[in-house]
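Here's the structure we're looking at; comments come further down.
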Amino acid sequence: MALLLGLEFDEKRNRTASHYVQDEEFVYAPIRTIERVSNSIATVYNLEVEEDQTFVAAGNLTHNCVRKCPFDAIRIIGLPEPLKEDLVHQYSKNGFRLFRVPTPKTGQVVGLLGPNWIGKTTVLSILSGELCPNLGHYRRTRPYWDEVIEKYKGTELHDYLEGLVAKDLRTSLKPQYVDKLPKVAKGTVADLLKKVDSQGRLDDLAPRLYLDSVLHRDIGKLSGGELQRTAIAATMLKDADVYFFDEPSSYLDIYQRLEVAKVIQSLSKEKYVVVVEHDLAVLDFLADTVYLLYGSEGAYGVVAQPRPVRTAINVYLGGFLKEENIRFRDREVTFEARAPRRDWNAETLLRFDRLEKRYDDFHLVVEGGELKKGEVVGVVGPNATGKTTFVKMLAGEETPTSGSIAGTLAVSYKPQYIDSVYEGSVRDLFVSTVGKRAESGWFETEIAQPLQIRGMMERPVNELSGGELQRVAVGLALTRDADIYLIDEPSAYMDSNQRMAAAKTIRRVMENQGKTGLIVDHDVYFIDMVSDSIMVFRGEPGTEGHGEGPFPMREGMNRFLKLVEISFRRDADTNRPRINKLDSRLDREQKDAGEYYYALA
386 MALLLGLEFD EKRNRTASHY VQDEEFVYAP IRTIERVSNS IATVYNLEVE
436 EDQTFVAAGN LTHNCVRKCP FDAIRIIGLP EPLKEDLVHQ YSKNGFRLFR
486 VPTPKTGQVV GLLGPNWIGK TTVLSILSGE LCPNLGHYRR TRPYWDEVIE
536 KYKGTELHDY LEGLVAKDLR TSLKPQYVDK LPKVAKGTVA DLLKKVDSQG
586 RLDDLAPRLY LDSVLHRDIG KLSGGELQRT AIAATMLKDA DVYFFDEPSS
636 YLDIYQRLEV AKVIQSLSKE KYVVVVEHDL AVLDFLADTV YLLYGSEGAY
686 GVVAQPRPVR TAINVYLGGF LKEENIRFRD REVTFEARAP RRDWNAETLL
736 RFDRLEKRYD DFHLVVEGGE LKKGEVVGVV GPNATGKTTF VKMLAGEETP
786 TSGSIAGTLA VSYKPQYIDS VYEGSVRDLF VSTVGKRAES GWFETEIAQP
836 LQIRGMMERP VNELSGGELQ RVAVGLALTR DADIYLIDEP SAYMDSNQRM
886 AAAKTIRRVM ENQGKTGLIV DHDVYFIDMV SDSIMVFRGE PGTEGHGEGP
936 FPMREGMNRF LKLVEISFRR DADTNRPRIN KLDSRLDREQ KDAGEYYYAL
986 A
């Protein structure tokens, strides 16, 4: 079936790329011209596409599509555009506009899913009472809550906003960027948490969030994962009626992510809970209802109608809002239900012996292995078990206490934590680091476009957001001329779309250039998309670690998930991985069979 994407037929040459043809294999091509020919029977549209491709409509029609075809050969599908009504907030004359706002519900975890710069933070600001929506009257200088409440009269949102304005609802918000916590809070973790613990719940919550061992430590010396769990605890310990969590899984390993999800779920029984989360596996496990947000990043955002979490994520991956008749993704995101075949005959790039690294308070052992050209190795395991230390040994930043790494290789390394202290523009940073490689056609098509870096080139590095800085860091690492690329937690602060684009970009660069990539990350979907094989780390976090591999995908995922006692089933419609409820029938069956991730054979 040929599918025409656009708002209306236009006989003129398409200059806005708002019309596309889609064939049965979901290949899109912009339409060059649309010729309309009418007769007494029907109106026929002759579609000339940019490339010489064949499109089949109504069984065997090529390029020509009949308007009122009984086989539905042509459908008109809208692309995202601002709404004519339901404007909730506008920042300035040409500023960002938000259309519609979600409704929190007691007894449910409400999730928000959409790209960065699409309005999720604005939504949280409105629902927390920090921002009074101006309903499009951007010149107003003071809040008009009465008018806002009247607008939503007769809806659930009216009752919520009324309670918010009357101060009957108290709110507590965990911010997105937890790495800024040491700048606003001083002292130990215990000092901070005791200040906000008005209900005496710290003793119960600390072990559930794995904070017992860090309560005595200074906030300024915490890792990213420790800062995240501290921020979550501080948010939950406040006596509030509405809790907001902005990206609670960043820097946490998968086991910690699920434990945090369970703790957040426990709040929703009697409270309002709203969560922004880009890890789709965690969002699927955590949320009950999800609002998708679509639009034009930085220009406008539209809140779609609420959907059950499974439906919402499937719609998000498919890229088509059926009820709204809006397509927001060119290609459907797909997953393999079964592990890829292990036909790997590539040349070995690097061999390493059994490596050992000793510190005063930490001991790491990594069993010997080898890395192949063109291979992308996903590195998984709990936090603080030596993954980053292993990467640093390969990069030459740390020297093994014993063992050796054969050969001298050029290494490109993106660290876990990125500083934005560079004085200058993104372009200056690229030119000073990789020179003319950042001006090549290869850079434009393989790095800048898929990672959406081009529009940031003239901006100061120290003004970039966390997600923008992450994309620049990944792009910079991939642009360097190296043999092996070590990329530590590339998905942090990226939205779900950016994560998928980054995974595909990393894979494409490694395959096309014959390079080797080691990718440390905790997002299971990201690891699934980017990896050819898996290295698994285990041990006592902060005390000892043990690494093995690389293993084929099936063996590696089974080893890793057995370690953290989590199994995944496959969605019937999309094949995407979904976390099984602990000790459910599927969980028991898959664990008994030793198949924790891929479909049972």
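All residue numbers for the sequence shown refer to the numbering used here, where the first residue is 386 and numbers rise by one. Glycine is no exception: its CB is placed at the ideal position from the N, C-alpha and C atoms. Here the structure is a predicted model, which means the values were calculated and not measured.
Measuring straight from C-alpha to C-alpha, what distance separates V627 and V658?
6 angstroms
Relative to the C-alpha of L652, which candidate in D638, A625 and R642 has its C-alpha closest?
A625
Which stretch, first to last residue, makes up the beta strand (DSSP E) that contains E741?
L740 to R743
Express the C-alpha separation of H748 and P693 in angstroms, rounding to a whole number.
45 angstroms
How many Å lie between T784 and V750 at the Cα?
Rounded to the nearest angstrom, the two C-alpha atoms are 13 angstroms apart.
Alpha carbon to alpha carbon, how far is I639 from G792?
Cα-Cα distance, rounded: 34 angstroms.
CA-CA distance, S817 and V761?
27 angstroms
When you compare each of A957, Y562 and R602 to L577 by their alpha carbons, which one comes out closest?
The shortest Cα separation from L577 among A957, Y562 and R602 belongs to R602.
Flag this pair as touching only if the stretch 915 to 929 and the stretch 958 to 970 have three or more C-beta atom pairs under 8 angstroms; answer yes or no.
no
Considering only DSSP beta bridges, list what D873 is partnered with.
V905
Would a C-beta distance cut-off of 8 angstroms place G504 and L678 closer than the cut-off?
Closer than 8 angstroms, so yes.
Is the shortest distance between the beta-carbon of T488 and the beta-carbons of chain D less than 8 angstroms?
Although the question refers to chain D, the structure presented lacks it and comprises just one protein chain.
List the endpoints of the continuous alpha helix (DSSP H) containing T615.
First-last of the alpha helix (DSSP H) with T615: G609 to L622.
If P500 sits next to D880, beta carbons under 8 angstroms apart, how far is it from one beta carbon to the other, in whole angstroms?
5 angstroms
Determine the extent of the alpha helix (DSSP H) in which Y657 is found, giving its start and end residues.
Not the alpha helix (DSSP H): Y657 falls in the beta strand (DSSP E), residues Y657 to V661.
Closer than 6 angstroms by C-beta to L594: which residues in its own chain qualify, once you throw out the five before and the five after it? Chain order, please.
R614 and A618
If you reduce the DSSP assignment to three classes, tell me which class R812 lands in.
helix
Starting from the Cα of V857, find the closest Cα among A867, D866, R892 and Q834 and give me that residue.
Q834
How about the stretch 540 to 555 and the stretch 583 to 590: do they share at least three Cβ pairs that are nearer than 8 angstroms?
Too few Cβ pairs lie closer than 8 angstroms, so no.
Buried or exposed, going by whether 16 or more other CB atoms sit within 10 Å of the CB of S918?
Here S918 is buried, its C-beta having at least 16 other C-beta atoms within 10 Å.
Would you kindly report the start and end of the unbroken alpha helix (DSSP H) that includes G852?
For G852, the enclosing alpha helix (DSSP H) covers residues G851 to T864.
Expressed to the nearest angstrom, what Euclidean distance is found between the alpha-carbon atoms of L990 and L509?
This structure gives no information on residue 990, because the portion of the chain shown stretches from 386 to 986.
Rounding to the nearest angstrom, what Cα-Cα distance links D972 and L483 in this structure?
41 angstroms
Following the continuous beta strand (DSSP E) through I964, name the residue where it begins and the one where it ends.
P962 to I964
Do you know how far the Cα of S787 is from the Cα of G703?
49 angstroms
Go through the stretch 547 to 599 residue by residue and report every complete run of the beta strand (DSSP E) that reaches 3 residues or more, in order.
556 to 559
According to DSSP, R893 sits in a beta bridge with which residue or residues?
Answer is none; R893 lacks a bridge partner.
Ignore the nearest five residues each way along the sequence and tell me which others in R743's own chain have a CB closer than 6 angstroms to its CB.
T786
Thinking C-beta only, is A867 closer than 8 angstroms to A795?
yes
Looking at C-beta atoms only, is the number of pairs between the stretch 940 to 956 and the stretch 975 to 985 that lie closer than 8 angstroms three or more?
yes
So S510 is in the alpha helix (DSSP H); what residue range does that whole segment cover?
K505 to L512
Taking the beta carbon of R970 as the centre, do at least 16 other beta carbons fall within 10 Å, making it buried, or is it exposed?
exposed
Closer than 8 angstroms by C-beta to V486: which residues in its own chain qualify, once you throw out the five before and the five after it? Chain order, please.
If we look at V486 and ignore the five residues flanking it on each side, its Cβ neighbours are V473, V508, I511, L512, P518, L542 and V688.
Does K538 come out as helix, strand or coil in the three-state DSSP assignment?
Note: K538 maps to coil in three-state DSSP.
Give, in chain order, every unbroken run of the beta strand (DSSP E) that is at least 3 residues long and sits entirely within the stretch 898 to 960.
901 to 905, 918 to 925, 929 to 937 and 953 to 955
What residue from S805, V915 and G826 has the CA that sits closest to N847's CA?
S805
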